[in-house]
Each structure stands twice: as structure tokens, then as C-alpha cells.
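*Asks:* Each residue of the sequence shown is one higher than the one before, starting from 1 at the first, in full-length UniProt numbering.
Quick one: the structure is below, and I'll ask about it shortly.
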Amino acid sequence: MSERFTVSIEPQLAQEFDAYIKRKGYSNRSEAVRDLIRGALAKERLGEAGKGHCVGVLSYMYDHHERELSKRLTQVHHANYNLTVTTLHMHLDHDLCVESVLLKGHAADVQAFAESVMARPGIRHGQLHRIPLDQAPAQGPAAMAHGHGLGHGN
Ligand code: NI
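In C-alpha cells, the structure reads:
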């Protein structure tokens with residue numbers, strides 16, 4: 001069930017918004033407005049204080065020949081095993097690797113972990129995307145018993 005509301009907007013801003021919608025590939029204004037609102041709310045919730053829980057996707061590139069870097073990264077991941085859910089590793093070419101790490105936990109912890117990885121010498125194009133969660137993520141046997149992994153929607 002959707003709620004409708006009307007927004008007044010000056011013509012110039014409306015034109016710019018329509019151009020933005022076109023560039024981004026939205027099929028209508030509503031979905032673009034919804035995404036902007038979701039983005040603003042998520043940004044506020046995850047703000048400087050890093051309140052609440054979140055899922056994070058951290059991605060970066062590195063040269064696996066860089067001294068000790070692969071080993072250090074593995075150590076950092078093990079030291080934060082409670083935050084890192086899984087890691088996807090791609091051998092991009094002879095030298096470069098791309099990793100995408102799925103994280104889950106306190107927003108501030110996820111942010112701190114990601115920053116410590118991204119700031120490491122040799123790590124390039126580091127970026128973290130955080131999605132706020134309404135509740136603390138379930139952990140341990142209770143989470144397993146919940147039946148995720150067997151498909152949603154039953
Ligand atoms: Ni690799």
C-alpha cells in the first residue's frame with residue numbers, strides 16, 4: 001500500500017530532476033524520489049555517529065605482489081571474523097586482485113573495519129556501501145534455525 005503526496009517544485013529544479021532521472025535510467029519520478037528519500041534516511045541513520053546495525057559491501061583492488069599485503073589482509077579478516085560474512089576474490093590479471101567483502105554488524109564497527117582496510121598501502125579504489133538494518137542482526141544457532149539460505153518468502 002503506497003501513500004501519495006504532492007510536492008511543489010520550481011520549474012528549473014523540476015527540469016534538472018527530470019534530466020537526472022533520464023541519466024540514471026529511472027522509468028518514472030516516483031522510483032527516483034523513493035530512492036533519494038531512502039538514500040537520505042540511510043545516510044542520516046548511518047551518519048557520523050554510525051548508529052545501529054548495517055550490512056556493508058566493501059570492495060577494493062590490490063596487487064598481490066605487494067609486500068606482505070595478501071598475508072596482512074588475511075590477518076585483518078581473521079581478526080574481524082565476527083564482522084566479515086564472506087569474501088569474493090577475483091584474480092583480475094597476473095598482478096591484480098579484486099575483492100568484495102560482505103560485512104554485518106554495528107555500523108561504526110563496519111565503517112572502522114572498512115577504513116582500516118582501505119587506508120592500507122597498496123589498496124586501491126576502496127569503497128564501502130552500507131545498508132542500514134532495522135534490528136540487530138541475528139547471530140549463531142538462532143540465525144541458522146531461522147532457515148535463511150533455504151529461500152525467502154515461505
Ligand atoms: Ni588474486
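Each residue gets a CB set at the ideal place from its N, CA and C atoms; glycine is no exception.
Going by beta-carbon coordinates alone, are Y26 and G126 separated by less than 8 Å?
*Replies:* Going by C-beta atoms, Y26 is not nearer than 8 Å to G126.
*Asks:* Taking all protein chains shown into account, decide if H91 is buried (16 or more other Cβ within 10 angstroms of its Cβ) or exposed.
*Replies:* exposed
*Asks:* Excluding the 5 residues preceding and the 5 following H78 in the sequence, name in chain order all residues of the same chain whose CB lies nearer than 6 Å to its CB.
*Replies:* none
*Asks:* Could you compute how far the alpha carbon of I131 sits from the alpha carbon of Q15?
*Replies:* Each residue's alpha carbon lies about 30 Å from the other.
*Asks:* Mind checking whether A114 and G56 have CB atoms under 8 Å apart?
*Replies:* yes
*Asks:* Could you give the distance in angstroms between the alpha-carbon of H129 and the alpha-carbon of D93?
*Replies:* 25 Å
*Asks:* Label G39 either buried or exposed according to how many other C-beta atoms from any shown protein chain fall within 10 Å of its C-beta, with 16 as the threshold for buried.
*Replies:* exposed
*Asks:* Return the residue from the list V98, C54, S2 that minimises the CA-CA distance to E31.
*Replies:* S2
*Asks:* What does the Cβ neighbour count give for A19, buried or exposed, with the cut at 16 atoms within 10 Å?
*Replies:* exposed
*Asks:* What three-state label does DSSP hand R34 in the structure shown?
*Replies:* helix
*Asks:* Can you give the beta carbon distance from R120 to R67, rounded, assuming they're within the 8 Å contact cut?
*Replies:* In this structure R120 is not in contact with R67, their Cβ atoms being roughly 12 Å apart against a cut-off of 8 Å.
*Asks:* Starting from K51 and walking both ways along the alpha helix (DSSP H), at which residues does that stretch end?
*Replies:* From DSSP, K51 is part of no alpha helix (DSSP H); its letter is neither H nor E.
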